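Some notes on the structure that comes next.
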Amino acid sequence: MSEVTIECHRLIKTFGGVRAVDDLSVSFYAGQITALVGPNGAGKTTLFHLISGMVRPDAGEVSYRERRISNLAPWRIARMGIGRLFQDIRIFGHLTVEENILVAFPGQMGENALWAITRPVRVQRQERENIAKANRLLQRIGLEHEARTRAETLSYGQQKLIAIARLIATGADALLLDEPSAGISKENTQIQDILKHLANEGKIVVMIEHDYSIVQKIADQVYRMDAGKMTVLPTAAAKCPM
Amino acid sequence: MFQQLLINAISVGCLYALMAVGFALIYNTSRIFHVAHGAVYTITGYLCYFFLLRLHWGTAVAVVMSILCSAILGAIIEIVIYAPLARKKAPLTVCLLSSVGLYIALSNIVVMIFGSDTKLLRPDIEKVYHFSGIVLTRIQLCQVVVSVCLIGLTLLVLRYTNLGRKMRAVRDNPTLTIIMGVNQRQVRLAVFALGSALAGTAAVLAALDVGVDPNMGMPALLTAAVALIVGGVGSFEGAAVGGLTLGLLQALVIWRISARWTDALTFTVLVLFLLCRPRGLFGIHRRLEEETT
Amino acid sequence: MNYLWHMLIFISLYSLLSMSLNLVVGYAGLLSLCHAAFYGLGAYSTALLMTRSGWGFFPALLAAMVITALLSSIIAVPSLRLRGDFFVLATLGFQVIVFSLLYNWDNFTNGSYGITGIANPVLFGWSVDTPFRYFLLAGTISVVGLGLMRALALSPFGRVLKAIRENEVAAVALGKNVALLKIVVFAVAAAFAAVSGGIFAAYTQYIDPTSFMLSEALFILSIVIIGGAGNQVGPLIGTVLLVTLPEMLRFLRMPDAIASSLRQVIYGAAIVLLMRFRPQGIQGDYKFD
Numbered sequence: 036m037s038e039v040t041i042e043c044h045r046l047i048k049t050f051g052g053v054r055a056v057d058d059l060s061v062s063f064y065a066g067q068i069t070a071l072v073g074p075n076g077a078g079k080t081t082l083f084h085l086i087s088g089m090v091r092p093d094a095g096e097v098s099y100r101e102r103r104i105s106n107l108a109p110w111r112i113a114r115m116g117i118g119r120l121f122q123d124i125r126i127f128g129h130l131t132v133e134e135n136i137l138v139a140f141p142g143q144m145g146e147n148a149l150w151a152i153t154r155p156v157r158v159q160r161q162e163r164e165n166i167a168k169a170n171r172l173l174q175r176i177g178l179e180h181e182a183r184t185r186a187e188t189l190s191y192g193q194q195k196l197i198a199i200a201r202l203i204a205t206g207a208d209a210l211l212l213d214e215p216s217a218g219i220s221k222e223n224t225q226i227q228d229i230l231k232h233l234a235n236e237g238k239i240v241v242m243i244e245h246d247y248s249i250v251q252k253i254a255d256q257v258y259r260m261d262a263g264k265m266t267v268l269p270t271a272a273a274k275c276p277m
Numbered sequence: 002m003f004q005q006l007l008i009n010a011i012s013v014g015c016l017y018a019l020m021a022v023g024f025a026l027i028y029n030t031s032r033i034f035h036v037a038h039g040a041v042y043t044i045t046g047y048l049c050y051f052f053l054l055r056l057h058w059g060t061a062v063a064v065v066m067s068i069l070c071s072a073i074l075g076a077i078i079e080i081v082i083y084a085p086l087a088r089k090k091a092p093l094t095v096c097l098l099s100s101v102g103l104y105i106a107l108s109n110i111v112v113m114i115f116g117s118d119t120k121l122l123r124p125d126i127e128k129v130y131h132f133s134g135i136v137l138t139r140i141q142l143c144q145v146v147v148s149v150c151l152i153g154l155t156l157l158v159l160r161y162t163n164l165g166r167k168m169r170a171v172r173d174n175p176t177l178t179i180i181m182g183v184n185q186r187q188v189r190l191a192v193f194a195l196g197s198a199l200a201g202t203a204a205v206l207a208a209l210d211v212g213v214d215p216n217m218g219m220p221a222l223l224t225a226a227v228a229l230i231v232g233g234v235g236s237f238e239g240a241a242v243g244g245l246t247l248g249l250l251q252a253l254v255i256w257r258i259s260a261r262w263t264d265a266l267t268f269t270v271l272v273l274f275l276l277c278r279p280r281g282l283f284g285i286h287r288r289l290e291e292e293t294t
Numbered sequence: 428m429n430y431l432w433h434m435l436i437f438i439s440l441y442s443l444l445s446m447s448l449n450l451v452v453g454y455a456g457l458l459s460l461c462h463a464a465f466y467g468l469g470a471y472s473t474a475l476l477m478t479r480s481g482w483g484f485f486p487a488l489l490a491a492m493v494i495t496a497l498l499s500s501i502i503a504v505p506s507l508r509l510r511g512d513f514f515v516l517a518t519l520g521f522q523v524i525v526f527s528l529l530y531n532w533d534n535f536t537n538g539s540y541g542i543t544g545i546a547n548p549v550l551f552g553w554s555v556d557t558p559f560r561y562f563l564l565a566g567t568i569s570v571v572g573l574g575l576m577r578a579l580a581l582s583p584f585g586r587v588l589k590a591i592r593e594n595e596v597a598a599v600a601l602g603k604n605v606a607l608l609k610i611v612v613f614a615v616a617a618a619f620a621a622v623s624g625g626i627f628a629a630y631t632q633y634i635d636p637t638s639f640m641l642s643e644a645l646f647i648l649s650i651v652i653i654g655g656a657g658n659q660v661g662p663l664i665g666t667v668l669l670v671t672l673p674e675m676l677r678f679l680r681m682p683d684a685i686a687s688s689l690r691q692v693i694y695g696a697a698i699v700l701l702m703r704f705r706p707q708g709i710q711g712d713y714k715f716d
């Protein structure tokens with residue numbers, strides 16, 4: 036059975052003499068929520084950078100769906116299905132909430148300048164479909180009434196929900212989430228439900244998390260990173276890939 | 002022939018270096034691309050013209066007063082234009098555009114007052130020195146001597162005085178200097194005053210040589226910017242070396258190709274450095290925020 | 428009456444220039460100082476094709492659009508990895524180098540003497556040879572051009588440009604080919620600036636490099652800053668304001684020499700004031716953050 040996996044093999048990344056990621060090998064499987072815990076500066080975000088292509092490894096490789104992606108451009112890796120939630124959210128502030136979701140949909144004909152002009156009818160049809168999809172997503176996260184609001188005016192927690200919805204909109208099969216519960220309290224359960232739902236849909240969910248209670252609640256597999264190295268932690272509900 | 006060009010190149014290069022170090026002082030510490038620096042240059046040149054030919058002051062007095070005024074002008078610009086933007090935490094782009102607007106306004110005020118023709122400051126023949134077939138004018142000698150002295154002085158100030166240390170600290174890590182209680186306002190005022198004084202000196206030295214025209218500021222500013230990139234952002238010595246290098250490069254172009262292509266060459270050098278060696282010859286201190294993921 | 432058409436022609440030209448620069452600066456968030464270079468390349472392409480190769484105005488204009496769009500990649504591609512001031516300086520370098528080529532490459536561009544004797548446009552036997560007809564030509568072309576740019580700005584293309592402006596890394600993480608999009612927006616903007624250049628060449632029937640210097644690029648940028656960037660209204664307001672400003676000054680009976688400098692003092696000061704108190708300009712969306 037071929038499963039969607041991210042495989043990291045003997046990854047090394049050094050920044051100015053410090054080994055951020057030190058000969059690290061790990062695999063992330065579909066249908067599981069994997070948590071990465073550990074102190075700040077342990078290399079967890081660097082690992083995400085390496086997987087998503089924002090940083091090139093000094094040694095080792097990353098494979099996704101059994102294909103080597105270590106040297107691909109970050110946008111290509113994203114298109115292949117690896118999505119990220121950043122620690123600092125990186126919402127599109129001046130765009131409306133709806134536009135933030137809309138821009139995330141892949142394969143938009145209208146993003147091609149030539150087609151935007153020469154095939155207005157088909158572009159419009161795709162736009163209408165996407166708007167409907169976006170509003171369904173907004174309903175799912177309870178923000179449909181803010182669709183036309185500028186994203187920068189919303190609260191941190193709401194922006195985080197939008198960022199997650201944006202990630203879902205990309206259709207990514209692998210989601211790398213950098214501290215999804217940081218800085219929020221109200222929307223916490225909502226986010227946990229979304230993550231569980233995504234894992235059940237067969238996606239790879241990897242999250243960097245400092246809040247151990249959340250890790251306990253939803254993580255299927257827990258790894259601890261420290262000074263670039265990784266160890267497995269026991270967890271209540273460890274699922275083994277078949 | 003080439004030796005003559007070399008002498009000319011060195012005197013021009015020294016002025017470029019002087020202008021570049023002044024610009025670097027401001028850019029390295031505040032990260033503001035101070036386009037209006039070119040306007041300070043122009044205004045100082047015209048002030049010298051005004052003091053010399055309209056008020057009939059002696060040369061030394063006119064020169065010193067002009068340079069003093071340029072320092073004051075630079076400080077005023079910081080107080081009136083940039084400091085309020087910094088308080089509002091305005092992005093650097095806003096500061097840049099502000100500076101562009103200021104340059105346009107100030108340069109055209111100069112035109113309105115003095116007209117747009119070139120004005121010479123010294124109608125008399127310049128004293129020249131001859132040796133081994135090369136001609137060196139007195140003003141060129143002054144340009145070299147004054148530039149070297151002022152650049153040397155500036156570098157000494159940066160290295161050995163308290164103020165200089167603070168300036169370098171702000172260049173390296175502005176946030177940390179705020180936390181450590183360095184008086185930002187004082188440092189900013191000092192760099193703007195000192196940087197503008199250097200520009201003003203370069204302007205006066207050039208004005209005494211070739212006169213003033215309302216558009217003299219922009220080429221001077223652009224050369225300073227290119228020199229800064231070539232020398233390396235963050236390095237003050239680098240800016241001086243960059244200025245000299247550009248002067249020599251220009252001489253090379255004039256000798257081998259033609260004087261008309263110097264601008265194109267200067268900017269081709271700029272683009273090459275931006276693409277192939279953005280840290281310049283001596284650049285260091287690239288802040289982490291500037292790293293692209 | 429002719430004077431009115433003259434003004435309206437320049438409003439048409441500058442609305443194309445400012446709206447195309449707006450796509451780059453206001454939508455993609457790229458502070459480009461080389462727009463006068465595209466303007467000039469379009470004007471010279473049109474003029475050279477018409478005078479040296481005997482082309483008609485309309486084919487020359489179309490060719491000028493394509494040529495300028497292709498040449499824009501000379502600055503667009505290398506500047507992809509430059510950020511902040513480095514990017515601005517690179518566009519500045521391109522502007523200066525293009526001007527230098529137009530001014531000094533005598534054999535090809537006739538250098539500082541410029542190109543004379545550009546013929547009138549002829550459309551199916553209808554010759555454009557009065558100011559009113561030039562107004563009809565410029566006005567129609569600019570309305571079409573503005574309509575196309577508006578369609579682009581309001582399309583997903585415009586939206587993804589704004590996303591790049593807001594947070595480029597996030598746009599990359601969504602799978603957008605940011606590099607290609609930047610090249611495309613430069614090409615589109617350059618093409619429309621070239622259209623303006625071509626009409627200018629045909630209208631004035633004589634062009635020389637000094638119309639396409641850095642000061643012109645700064646003027647076009649000023650229109651976008653003062654009117655406002657990032658939407659479909661600001662640049663138009665800026666265009667009308669800055670193009671008619673000299674005329675308004677003329678009503679105050681200023682001598683011409685002073686008037687020219689005074690208007691620049693006014694719009695220089697306007698920029699300083701706006702950046703301090705209202706960075707989005709009169710009616711813009713983008714505050715240059």
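Protein chains in written order, with our numbering: chain Y, 36 to 277; chain P, 2 to 294; chain B, 428 to 716.
C-beta atoms are modelled at their ideal positions from N, C-alpha and C, and glycine is treated no differently.
In this text the structure is predicted, and so the values were computed from the model without any measurement.
Endpoints, alpha helix (DSSP H) assigned at residue i
i        : result
B:Gln522 : 511–531
P:Ile80  : Careful: P:Ile80 lies outside any alpha helix (DSSP H) and carries neither H nor E.
B:His433 : 429–449
P:Met219 : 218–232
B:Ala742 : No answer is possible for residue 742 of chain B: the residues shown for chain B start at 428 and end at 716.
P:Ala25  : 3–31
Residue i, buried or exposed, once every other Cβ within 10 Å from all chains shown has been counted against 16
i        : result
B:Asp533 : exposed
Y:Ile124 : buried
Y:Phe83  : buried
P:Ile126 : exposed
Y:Ala174 : Here residue 174 of chain Y turns out to be Gln, not Ala, going by the sequence shown. When all chains shown are included, Y:Gln174 counts as exposed.
Y:Arg119 : buried
Three-state class that DSSP yields for residue i in the structure shown
i        : result
P:Glu290 : Caution applies to P:Glu290, whose pLDDT of 40 falls short of 50 and renders its modelled position unreliable; the model cannot decide the point.
Y:Val56  : strand
Y:His180 : helix
Y:Met260 : strand
P:Trp58  : coil
Y:Ala70  : strand
Y:Ser37  : Bear in mind that the predicted position of Y:Ser37 carries a pLDDT of just 48, short of 50, making it too unreliable to give a figure here.
B:Lys589 : helix
Y:Glu42  : strand
Y:Glu164 : helix
P:Asp173 : helix
Y:Ile219 : coil
P:His131 : strand
P:Thr119 : coil
B:Phe646 : helix
Y:Thr131 : strand
Proximity test, residue i beta-carbon vs the ligand FMN heavy atom, cut-off 6 Å
i        : result
P:Leu137 : The ligand FMN is not part of this structure, which contains no ligands at all.
Inter-residue CB distance, residue i and residue j (contact presumed, cutoff 8 Å)
i        : j        : result
P:Val242 : P:Thr30  : Contact flag wrong, Cβ pair sits at about 19 Å.
B:Gly624 : B:Gly708 : Contact flag wrong, Cβ pair sits at about 25 Å.
B:Phe513 : P:Pro279 : 6 Å
B:Leu509 : P:Leu275 : 6 Å
P:Tyr17  : P:Gly244 : 4 Å
Residues that residue i bridges to, as DSSP identifies them
i        : result
B:His462 : Partner(s): none; B:His462 has no beta bridge.
Y:Arg102 : Y:Tyr99
Y:Met265 : Y:Met260
Y:Lys48  : Y:Val56
Boundaries of the beta strand (DSSP E) in which residue i is found, first to last residue
i        : result
Y:Ala204 : Not the beta strand (DSSP E): Y:Ala204 falls in the alpha helix (DSSP H), residues 191–204.
**Asked** Mind listing which residues of the region 235–266 of chain P have their C-beta closer than 7 Å to chain A's C-betas, in chain order?
**Response** Annotation note: the requested chain A is absent from the structure, which comprises protein chains Y, P and B.
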